[in-house]
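Worksheet: one structure, shown below.
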Amino acid sequence: MGSIRISILCFLLPAFLTGCSLFQAANSPVIAEFTEDFEVSGRIAVKINGEGSSARIKWSHRGDVDAVDVYTPVGSIIAVILVSPRTGAMLETKDETHTATSVEELTHRVLGWSLPLSGLKFWARGRVDPSVFVGRVAPLDDQNRMTYFEQDGWKITFLRYSGESDVPRVIKLEHGDLKIRFIVDEWKVLEL
Numbered sequence: 001m002g003s004i005r006i007s008i009l010c011f012l013l014p015a016f017l018t019g020c021s022l023f024q025a026a027n028s029p030v031i032a033e034f035t036e037d038f039e040v041s042g043r044i045a046v047k048i049n050g051e052g053s054s055a056r057i058k059w060s061h062r063g064d065v066d067a068v069d070v071y072t073p074v075g076s077i078i079a080v081i082l083v084s085p086r087t088g089a090m091l092e093t094k095d096e097t098h099t100a101t102s103v104e105e106l107t108h109r110v111l112g113w114s115l116p117l118s119g120l121k122f123w124a125r126g127r128v129d130p131s132v133f134v135g136r137v138a139p140l141d142d143q144n145r146m147t148y149f150e151q152d153g154w155k156i157t158f159l160r161y162s163g164e165s166d167v168p169r170v171i172k173l174e175h176g177d178l179k180i181r182f183i184v185d186e187w188k189v190l191e192l
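Each residue of the sequence shown is one higher than the last, beginning at 1 in my numbering.
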């Protein structure tokens, strides 16, 4: 009986995996990876285990390097996060410097919650990360823009866009008890 189950599993597994990849392609509007550099100014509100905090941010994405300046709501700089595939992630405050291999690991260790920057560089553009499987996808809005999808354990909801633009204005990110609201005040593509 066990060998029959294994035989059936060996027969169905490739078909199932093929079906999953077809389902993803058919139901997720995967857009080719963008290459433009950008700068975002905005606000972030984080709630985890019933406690919340907020900050202003200025995020610069150039090539494969990200720099995130974190400010208090009134404008004093709190920390700088630098991320590069060559050097890993670094979070620097006035008094301390912390490092890790990824920004998610670093922010989890230092802040107690993970900032999903690797996915957010796509999500902040209203796109899915083309290198990660996409789970449930809700229908697009009436202007063909993303409204909701699940990716890499995150639930991403686009609450508002900037007018007729395809750039999201308010994004809600949820991962278990962690809830992040990201508000984009200014978005600009950086010229080379």
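Quick reminder that beta carbons are idealized off the backbone N, C-alpha and C, glycines included.
With a 10 Å radius around its C-beta and 16 neighbouring C-beta atoms as the bar for buried, classify residue i as buried or exposed.
| i | result |
| --- | --- |
| P73 | exposed |
| Q143 | exposed |
| E104 | buried |
| G119 | buried |
| L190 | exposed |
| F133 | exposed |
Between the options, which has its C-alpha nearest residue i's C-alpha?
| i | options | result |
| --- | --- | --- |
| I77 | S84, D64, P85 and E92 | E92 |
| N188 | V70, A124, Q151 and T147 | According to the sequence shown, residue 188 is Lys rather than Asn. Here the closest residue by C-alpha is A124. |
| S84 | G63, K94 and E96 | G63 |
| E150 | G88, Y71 and H175 | H175 |
| R86 | G75, A79, V40 and T99 | T99 |
| V68 | G135, F122 and S41 | S41 |
| I156 | T97, V184, G126 and E164 | G126 |
| V65 | L111, D177 and L117 | L117 |
| Y71 | L82, I57, H61 and D166 | I57 |
| L140 | G119, T101, D166 and S131 | D166 |
| W59 | V132, L111, V80 and E191 | V80 |
| H108 | I183, I48, R43 and I171 | I48 |
| W154 | R136, G163, R169 and E164 | R136 |
| Y234 | T97, K94, G163 and I171 | A query on residue 234 cannot be resolved here, the shown segment of the chain reaching from 1 to 192 and no further. |
| D152 | H61, G88 and S131 | S131 |
With H, G and I counted as helix, E and B as strand and the rest as coil, what does DSSP make of residue i?
| i | result |
| --- | --- |
| W113 | coil |
| C20 | Its pLDDT being 36, under 50, C20 is placed unreliably in this model, and the coordinates cannot settle the point. |
| I31 | The pLDDT assigned to I31 is 40, lower than 50, so where the model puts this residue is not dependable; a value taken from the coordinates is nonetheless given after this. The answer is coil: DSSP assigns I31 none of H, G, I, E or B. |
| T107 | helix |
| F149 | strand |
| L120 | helix |
| D185 | strand |
| D66 | strand |
| A25 | Low per-residue confidence applies at A25: pLDDT is 34, beneath 50, and the placement is therefore not dependable, though the value from the model is reported in the following sentence. It is helical. |
| P168 | strand |
| F38 | strand |
| F158 | strand |
| T87 | coil |
| S102 | coil |
For residue i and residue j, I'd like the C-alpha separation in whole angstroms.
| i | j | result |
| --- | --- | --- |
| E36 | D129 | 15 Å |
| E39 | D185 | 11 Å |
| K121 | L115 | 11 Å |
| G75 | M90 | 21 Å |
| S54 | R145 | 27 Å |
| W113 | Y161 | 26 Å |
| P173 | G52 | Note that residue 173 is Leu in the sequence shown here, rather than Pro. Between L173 and G52, the C-alpha separation is close to 14 Å. |
| D46 | R169 | It should be pointed out that residue 46 corresponds to Val in this sequence rather than to Asp. Cα to Cα, the separation comes out at about 17 Å. |
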